[in-house]
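Chemist:
In the working numbering, the protein residues as written are 40 to 350.
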């Protein structure tokens, strides 16, 4: 179930259309209103909730109020996500710990770039030190962490891209989402791209065709050509896929071990079974549904053999 506890963004990122579509004023709902909505869906049997706010953690006290209200309801087995992306400078260990205590399991962080130079160009108003600290803290608290990362900001070079790739693989994050930076009309980025004649296709084309937004650069610059942007995108996923897989296995192993220990199994035996469960090949089968497909195929074959024998 998607929830919106607030709307709006007061920041100045050059690429973001949120302030154009919704406005820079920050609108909020009361904690009771938000959790009443959760309660309604919870009573219908829903247990997974995702906060889709543009800036869920912008106002610190408000987050604590929502967490307090969630705690009062005594929800059981809820799974809370903050997957629209939070600002790294608006979270710390205390607030992430409080969120974790009431059921938050996943958080996405808008990284965008891997060094202060590019962050300044896109007016992110954050430092790489703040971003690094937020990712590290979320991972230490056992969150499932997703990073949003951009490729090809104005002035960005291959070296800058390597810095972005570096922060994407520095910690055990389980989702790395790379995007070619998109020049939305009326944003500062769009004005820059258009005035320099850098657009590679009409904006109507890439805005109206979602398939164009996946792995296709929308503009190129002298510092970062179309070919380099394509190469960077493909290389990013090639490098991070191995890192992400390793992080997922470690996370799964820890959870399996924890559940087995809760069932009364000894530490060494729990560790043994957790390692077997998350063995490389088995993990691939489980995580990609290949095992289920194999089992279904085997069941059909057995049924066919049995049917033929009866006839």
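Virtual Cβ for every residue (Gly too), placed ideally from N, Cα, C. Every value quoted in this text rests on a predicted model; they were computed, and no experiment measured them.
Taking buried to mean at least 16 other C-beta atoms within 10 Å of its own C-beta, is residue 217 buried or exposed?
Modeler: The residue is buried, with at least 16 neighbouring Cβ atoms inside 10 Å.
Chemist: Would you list the one or two residues that DSSP bridges to residue 149?
Modeler: Note: residue 149 sits in a beta bridge opposite 187.
Chemist: With distances taken Cα to Cα, identify the nearest neighbour of residue 186 among 255, 133, 275 and 291.
Modeler: Nearest option by C-alpha distance: 275.
Chemist: Excluding the 5 residues flanking residue 259 on each side, which residues of the same chain have their C-beta closer than 7 Å to its C-beta?
Modeler: The answer, listed in chain order, is 237, 239, 265 and 268.
Chemist: Cα separation between residue 62 and residue 48?
Modeler: Residue 62 and residue 48: Cα-Cα distance of roughly 7 Å.
Chemist: Look at the alpha carbon of residue 166 and the alpha carbon of residue 308, and state the distance between them as a whole number of angstroms.
Modeler: Residue 166 and residue 308: Cα-Cα distance of roughly 44 Å.
Chemist: Is the distance from the Cβ of residue 119 to the Cβ of residue 136 below 8 Å?
Modeler: Going by C-beta atoms, residue 119 is not nearer than 8 Å to residue 136.
Chemist: So if DSSP puts residue 46 in a beta bridge, which residue, or which two residues, is it bridged to?
Modeler: In DSSP, residue 46 forms a bridge with 66.
Chemist: Have a look at residue 194 and residue 158 and give me their C-alpha separation to the nearest angstrom.
Modeler: Spanning the two alpha carbons is a distance of roughly 11 Å.
Chemist: Expressed to the nearest angstrom, what Euclidean distance is found between the alpha-carbon atoms of residue 320 and residue 208?
Modeler: With a pLDDT of only 46 at residue 320, under the threshold of 50, the placement of this residue in the model should not be trusted, and no figure is reported.
Chemist: Excluding the 5 residues preceding and the 5 following residue 244 in the sequence, name in chain order all residues of the same chain whose CB lies nearer than 6 Å to its CB.
Modeler: Same-chain partners within the cutoff: there are none.
Chemist: Within 10 angstroms of its Cβ, does residue 75 collect 16 or more other Cβ (buried), or is it exposed?
Modeler: Residue 75 is exposed by the Cβ-count criterion.
Chemist: Helix or strand or just coil, what does DSSP make of residue 115?
Modeler: It is coil, neither helix nor strand.
Chemist: Does the distance from the C-beta atom of residue 351 to that of residue 189 stay below 8 Å?
Modeler: Residue 351 falls outside the range modelled here, since the chain spans only 40 to 350, and no answer is possible.
Chemist: DSSP three-state label for residue 53, please.
Modeler: In this structure, residue 53 counts as coil in the three-state DSSP scheme.
Chemist: Taking three-plus beta-carbon pairs below 8 Å as touching, is the segment 160 to 176 in contact with the segment 101 to 116?
Modeler: Contact fails: fewer than three Cβ-Cβ distances are below 8 Å.
Chemist: Under 8 Å, do residue 121 and residue 141 count as touching if we go by C-beta distance?
Modeler: Cβ atoms of residue 121 and residue 141: not closer than 8 Å.
Chemist: The beta strand (DSSP E) that contains residue 87, what's its start and end?
Modeler: Counting along the chain, the beta strand (DSSP E) containing residue 87 begins and ends at 87 to 90.
Chemist: Give the DSSP-derived three-state secondary structure of residue 214 in the structure shown.
Modeler: In this structure, residue 214 counts as strand in the three-state DSSP scheme.
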